[in-house]
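Novice:
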Amino acid sequence: MLEALSSLAAALWAALRPGTVLLGTLAFLLFTAPKNYPPGPLGLPFVGSLLQLDPEKWHLVLQEFMKKYGNIFSLDLGAFSSILLTGLPLIKEALVHQGENFSNRPVVPLQERIINNKGLIMSSGQLWKEQRRFALTTLRNFGLGKKSLEERIQEEASYLIQMIREENGQPFDPHFTINNAVSNIICSITFGERFDYQDDQFQELLRMLDEVLNLQTSVYCQHKGDAASSFREENLIYNTLDLFLAGTETTSTALRWGLLYMALNPEIQEKVQAEIDRVLGQSQQPSTAARESMPYTNAVVHEVLRMGNVIPLNVPREVTVDTTLAGYHLPKGTVVMTNLTALHNDPTEWATPDTFNPEHFLENGQFKKRESFLPFSIGKRMCLGEQLARTELFIFFTSLLQKFTFRPPENEKLSLKFRVSLTLAPVSHRLCAVPRG
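Quick note on the numbering used here: the sequence shown kicks off at 92 and runs consecutively.
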């Protein structure tokens, strides 16, 4: 009996030696990977390549994989296999030319348990089409693209200016102050009213949003009795949470990056303020109409979005049918991500990709659109709030620089370090907002 146990132990030890484990892993991968599948790093059974991804800078690890395996590579994430696309031609081919084949969202078990794949962001198929159509109609009804909504943003900018003015030029953390203003725009659309910055319930909502980053948005609808329709109170709640998530966190984060970059680049801040003084002076409120006459300020806002890298990868897609991309076979159900980090830092597209440089968006002194600039994605599932976000960013940013000069606090060193959550946001920091004469 003892001899038998000894033999069994020896056999198990031999089976578990590193070389045997490696061979077993290779065999597992060879027999389970689809034929003609994009190359990628070897992963372990059950966990894939998750152990190779640093949770504090996973998007940078992916850039190293891209350099090794090319513009299309596979990444085993344990629960599912994914493909990462880099470069404008590949991204356009997938999201525009083959848009229908890449239009679904992947089903993630935890996410499915929490939100049941409802709402605007993570729904798919007919459910998504109904939600998007309704959300677009509702946003238009509430003033998207009209003077009325722009006036709400201008009004909120005035409240934001007053709040910052009360800091009296002393160091303050701009995080929740900016969050208050941006959130109030969504509140005015969905609830029909704004909230005072000192409102306890409003502050609790913003704290929860910052902690869990899964509160999202919409409004009420007329299809409650249609049994075949996706419009239910539950879906409306998730839509509302979606709009808060997409309409608050991303815009607020971009604004914080903008003020931080201005404090770190005073010469650029001075040029923005010179253009503001020339076009608007100190009394005229910034507007989208004035944006055409302010190419430098507009370029700075775009460069903030490029360098801030708020969304390093687009929200994942799922392949709806077996398809071919760049000569590779992608089976139905494959998760696809687009690499915005690499796109917005490509040295063949940007003269100084690692430097904050508004000239990237200027040509002969005029604003220049860049095809390789996709912070709001492209195709059928591009961000439906793009117009609102662009309007908010320009008006808030310009209004703040019209009234204040942002500087680092004395004896405090600002950095471009970030924290990774749903977005790439600057770490907690303080600024001084010095009133302008």
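Idealized CB from N, CA, C, for every residue including glycine. Quick caveat: nothing in here was measured; it's all calculated off a predicted structure.
1) Spatial neighbours of Ala-354 within its chain, please: CB distance less than 7 Å, with the 5 preceding and 5 following residues excluded, ordered by chain position.
2) Less than 9 Å between the C-beta atoms of Thr-429 and Leu-151, yes or no?
3) State the Cα-Cα distance for the pair Glu-477 and Lys-460, rounded to the nearest angstrom.
4) Under 8 Å Cβ to Cβ from Ile-163, same chain only, skipping five residues before and after it: list those, please.
5) At the level of alpha carbons, what is the spacing between Tyr-356 and Phe-156?
6) Helix, strand or coil: which one does DSSP assign to Ser-321?
7) Tell me which same chain residues have a C-beta within less than 7 Å of the C-beta of Pro-438, skipping the five on either side of it?
8) Among Ile-269, Gln-143, Leu-144 and Leu-179, which one has its Cα closest to the Cα of Leu-87?
9) Start and end of the alpha helix (DSSP H) containing Ala-524?
10) Any chance you could list the beta strand (DSSP E) runs of at least 3 consecutive residues sitting entirely within the region 168-201, in chain order?
11) When DSSP builds the beta bridges, which residues end up paired with Tyr-160?
12) Opposite Gly-139 in the DSSP bridges: which residues?
13) Under 9 Å between the Cβ atoms of Phe-452 and Phe-464?
14) What is the rounded straight-line gap between the Cα of Gln-217 and the Cα of Arg-224?
15) Can you check which of these residues, Glu-191, Lys-126 and Phe-495, is closest to Gln-364 by C-alpha distance?
16) What does the Cβ neighbour count give for Ala-380, buried or exposed, with the cut at 16 atoms within 10 Å?
17) In angstroms, rounded to a whole number, what distance separates the CA positions of Ala-337 and Lys-471?
18) With a 10 Å radius around its C-beta and 16 neighbouring C-beta atoms as the bar for buried, classify Phe-488 as buried or exposed.
Specialist: Taking the definition as stated:
1) Phe-497, Arg-498, Pro-499, Leu-505 and Leu-522
2) no
3) Glu-477 and Lys-460: Cα-Cα distance of roughly 15 Å.
4) Pro-129, Ile-174, Leu-175, Leu-176, Thr-177, Leu-181, Leu-416, Ala-417 and Tyr-419
5) It is Asn, not Tyr, that sits at residue 356 in the sequence shown. Between Asn-356 and Phe-156, the C-alpha separation is close to 32 Å.
6) Because Ser-321 sits at a pLDDT of 46, beneath the cut-off of 50, its placement in the model cannot be relied upon, and the following sentence gives the value as read from the coordinates. Reduced to three states, the DSSP call for Ser-321 is coil.
7) Pro-444
8) In the structure as shown, the chain begins at 92 and stops at 528. Residue 87 is therefore absent and cannot be evaluated.
9) Per DSSP, Ala-524 belongs to no alpha helix (DSSP H); it is in the beta strand (DSSP E), 523-526.
10) 172-176
11) In the DSSP output, where bridge partners are listed per residue, Tyr-160 has none listed.
12) Leu-135
13) yes
14) 11 Å
15) Closest by alpha carbon: Phe-495.
16) exposed
17) 17 Å
18) buried
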